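*Asks:* The structure is given below, and queries will be raised subsequently.
Chains as they are written, first to last, in full-length UniProt numbering: chain A, 1 to 409; chain B, 1 to 359.
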């Protein structure tokens, strides 16, 4: 707001007064383009008791499919030709493209991870993963494989925290880095104890684990010296999980009942006798094989759909309940069901094109998500000051990429 | 235009924003590039000078502002990519990634990259993985093999795919003797043993008429296959074929191949268990089919050598293969998921050629 020379996508309703006091954050949820009724008239600015002005900054994404396709395929080819050595550079470049094309208030984000650091960690994690898969193949080395698995399970929360630290510290906006300073203890509570609780309660505590994890993520995130705060609650997580389960059960019944009826009718028509378990007559029809295969594919896709819904709905909830330094709040208006549709159709397109549609799919999903995200602030976004951050390690980042530890955010 | 002789000369400079690294405030500024260094002129707030070697330049990305980073944490961002590129070329910065940026710029190289990626992946899956798997199988200590045999037999018995043989003790002793002859001829440090088993212990749905070899020399032959044979020479041919699998270490190589493929798919799709992995399993199965065809041919050659040595003909193996095919390939039958005998016609033809060549 201090620079009229540079073009900016969003224009604040009212020039932010220099007196805007960070600390108050009762943001109205209505569109902020109109002055809220309780605000004093703009022509009567009383510097001492000025109520905060809320400015909404949409997040915009300027990446283009053709441009990203060329970047993606050239880097993929380089990774393949160099037998994977270039892979970290490719990953960083892909990510840099997305960060660099994400804009808030006239400034873009930047991803600054060091590919060389990533390469070192990839080698370590890749060797461990390879050893684990190899030792799993044989009974003799079973003990070793259990040991590797155990070490990984014990280190998992630490790796997650490391990954978040790495991710945050390499994200730059307006010349300031993000930081993540979650404690090790917090990581072991949110990603260790909570996950164990979720599994021993056969999933009942899973939404609580999600809540703990999101809170750990947001509360320990800093931009400059401003600290993140998660204002969300556990109950909505349970609502999201219930919706996911409801989707599974509902769709399962809707598809399963007619399927079973068809199968029974087919069996009866073929004179199939359950008592003698005549597998020959069962196997003599390709129908049965196809039936099993189709049922399997449907089950897996349904599971994927439910999981995608949970992810998108959680992301939306988190974005709607996160704030930074008491002066900035994020908001999300994207529709989780639409995200599910985009993800499913993306997956189909990627399969049909043998992966060549991946850049298009990534851009499409990212654009939809970001177009539904906005930032509301009661202080100018250029009022943040630098903070100090701890060391970072690329090991966690590599582990999450290679071993697919779902951070779900 | 950037002034290339020094930083002190005034010029229009490149427009951009300056961040001091202490706050998120953006300062409008202009950048003057010179051979010795750069100068950032802040509107009404004086200049900053930096030597060229103090400047860190991020590699260029299509459509993204260029940023110059300075030692005190401050930075300058500008949309004027061409001028920055001139400067970085003169100072030899970002040579490699600058080259990558040029490759990314054209549709021609993008299409070339599609072709190269496809060709290299195809070549690696078709030739690279089998070669690596063969190497790995060849250097695997024999001690490891025994556990493979134990585990595999446990799985087969546990799933009720095989049961105790119904053959008489005398008949079993005959076949064991024949196998000793074959295994003695094949040689190697393996723990050869022949297991005669009922292939359909649960009525039907088991292995049926079948024979297979495990990595450490355990060969399983079913009663149904013994019944199918019209002479013992046919069974000896099958046993020699299985011994070929053992000495060529095909079983172990196929384990490594499956491992390598699943590692690649995990790396490419980026996930371990999901619908995409499931979908990817289909091409894996097809590729595995191709691998096993090559292994069958190799083992047939081993069997042919043995049979030509002992009987002077490969005909018994040809006839039992044909009979197996006729039995399996009847109309309306389910494709044999465990079948390791693809392309029977081609194999019979190959055996005939080997016999002709030996004459």
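All C-beta atoms in this analysis are idealised placements derived from N, C-alpha and C, irrespective of residue type, glycine included. As the structure is a computational prediction, the values presented were derived from the model and not from experiment.
So for residue 14 of chain B, helix, strand or coil by DSSP?
*Replies:* strand
*Asks:* Report yes if the CB atom of residue 152 of chain B is closer than 8 angstroms to the CB atom of residue 249 of chain B, and no otherwise.
*Replies:* It is not a contact, given that the beta carbons lie outside the stated cut-off.
*Asks:* Could you give the distance in angstroms between the alpha-carbon of residue 199 of chain B and the alpha-carbon of residue 207 of chain A?
*Replies:* 49 angstroms
*Asks:* Return the chain-ordered list of same chain residues with a C-beta closer than 8 angstroms to the C-beta of residue 234 of chain B, the five sequence neighbours on each side being excluded.
*Replies:* Taken in chain order, the residues that qualify are 316, 317, 319 and 320.
*Asks:* Pop quiz: residue 302 of chain A and residue 251 of chain A are said to be a contact at Cβ under 8 angstroms. What is the actual Cβ separation, rounded to whole angstroms?
*Replies:* The pair is a contact, with the Cβ atoms about 5 angstroms apart (cut-off 8 angstroms).
*Asks:* Figure out for me which residue from A:102, A:351, A:64 and A:308 has the closest Cα to the Cα of residue 336 of chain A.
*Replies:* Minimum Cα distance to residue 336 of chain A is reached at A:308.
*Asks:* Distance, Cα to Cα, residue 46 of chain A vs residue 169 of chain A?
*Replies:* The predicted model places residue 46 of chain A with a pLDDT of 45, which falls under 50 and marks its position as unreliable; any figure quoted below should be read in that light. CA-CA distance, residue 46 of chain A to residue 169 of chain A, rounds to 39 angstroms.
*Asks:* On the three-state DSSP scale, how would you describe residue 298 of chain B?
*Replies:* helix
*Asks:* Which of the three DSSP states is assigned to residue 177 of chain A in this structure?
*Replies:* Correct three-state label for residue 177 of chain A: strand.
*Asks:* Nearest by alpha-carbon distance to residue 181 of chain B: which of B:303, B:90 and B:56 is it?
*Replies:* B:303
*Asks:* Straight-line CA distance for residue 103 of chain B to residue 254 of chain B?
*Replies:* About 39 angstroms.
*Asks:* Among B:83, B:58 and B:323, which one has its Cα closest to the Cα of residue 172 of chain A?
*Replies:* B:58
*Asks:* Spatial neighbours of residue 79 of chain A within its chain, please: C-beta separation below 6 angstroms, excluding the five flanking residues on both sides.
*Replies:* 86, 87 and 90
*Asks:* For residue 101 of chain A, which residues in chain B fall below 9 angstroms Cβ to Cβ?
*Replies:* 61, 63 and 64
*Asks:* May I ask which residues mark the beginning and end of the alpha helix (DSSP H) holding residue 108 of chain A?
*Replies:* From DSSP, residue 108 of chain A is part of no alpha helix (DSSP H) but of the beta strand (DSSP E) over 107-111.
*Asks:* Tell me, please, whether the CB atom of residue 384 of chain A is closer than 8 angstroms to any CB atom in chain B?
*Replies:* yes
*Asks:* Among the residues of its own chain, which have a CB less than 7 angstroms from the CB of residue 164 of chain A, if the five just before and after it don't count?
*Replies:* 180, 182 and 217
*Asks:* How big is the Cα-Cα spacing for residue 375 of chain A and residue 175 of chain A?
*Replies:* 18 angstroms
*Asks:* Can you give me the Cβ contacts of residue 45 of chain B inside the same chain, cut-off strictly under 8 angstroms, excluding the 5 residues immediately before and after it?
*Replies:* 27
*Asks:* Using a Cβ cut-off of 7 angstroms, pull out every chain B residue sitting near residue 67 of chain A, in sequence order please.
*Replies:* Chain B residues near residue 67 of chain A: 62 and 63.
*Asks:* Output the boundary residues of the alpha helix (DSSP H) element that contains residue 97 of chain A.
*Replies:* 87-100
*Asks:* In chain order, which alpha helix (DSSP H) runs of at least 4 residues are fully inside the stretch 55-113 of chain B?
*Replies:* 81-90 and 95-104
*Asks:* Based on Cα-Cα distance, which residue from B:223, B:140, B:127 and B:251 lies nearest to residue 149 of chain B?
*Replies:* B:251
*Asks:* Taking 8 angstroms as the threshold, find out whether the stretch 114-121 of chain A comes into contact with the stretch 78-89 of chain B through three or more Cβ pairs.
*Replies:* no
*Asks:* When you compare the CB of residue 185 of chain B with every CB in chain A, is at least one pair closer than 8 angstroms?
*Replies:* no
*Asks:* Is it the case that the Cβ atoms of residue 314 of chain A and residue 322 of chain A are separated by a distance below 8 angstroms?
*Replies:* no
*Asks:* Shorter than 8 angstroms from the beta carbon of residue 62 of chain A to some beta carbon of chain B?
*Replies:* By this cut-off, residue 62 of chain A is an interface position.
*Asks:* Once the 5 residues before and after residue 344 of chain B are set aside, which same chain residues still bring their CB inside 6 angstroms of it?
*Replies:* 321 and 325
*Asks:* Pull up the distance between the alpha-carbon of residue 161 of chain A and that of residue 13 of chain B, whole angstroms please.
*Replies:* Each residue's Cα considered, the two are about 43 angstroms apart.
*Asks:* Can you tell me whether residue 220 of chain A is buried or exposed, with buried defined as 16 or more other CB within 10 angstroms of its CB?
*Replies:* buried
*Asks:* Relative to chain B, which residues along the stretch 338-368 of chain A have a C-beta separation below 9 angstroms, given in chain order?
*Replies:* Cβ contacts with chain B: 347, 350, 351, 354, 355 and 356.
*Asks:* The alpha helix (DSSP H) spanning residue 234 of chain B covers which residue range?
*Replies:* 232-247
*Asks:* Out of B:327, B:257 and B:245, which has the shortest C-alpha to C-alpha gap to residue 295 of chain B?
*Replies:* B:245
*Asks:* Helix, strand or coil for residue 54 of chain A? Go by DSSP, reduced to three states.
*Replies:* Residue 54 of chain A falls in the coil class under three-state DSSP.
*Asks:* Identify each residue in the stretch 163-175 of chain A for which the Cβ-Cβ distance to at least one residue of chain B is less than 9 angstroms, and report them in chain order.
*Replies:* Per Cβ criterion, the list reads 172, 173, 174 and 175.
*Asks:* Who are the Cβ neighbours of residue 40 of chain A in its own chain at under 6 angstroms, not counting the five residues just before and after it?
*Replies:* Because residue 40 of chain A sits at a pLDDT of 40, beneath the cut-off of 50, its placement in the model cannot be relied upon, and the following sentence gives the value as read from the coordinates. If we look at residue 40 of chain A and ignore the five residues flanking it on each side, it has no Cβ neighbours.
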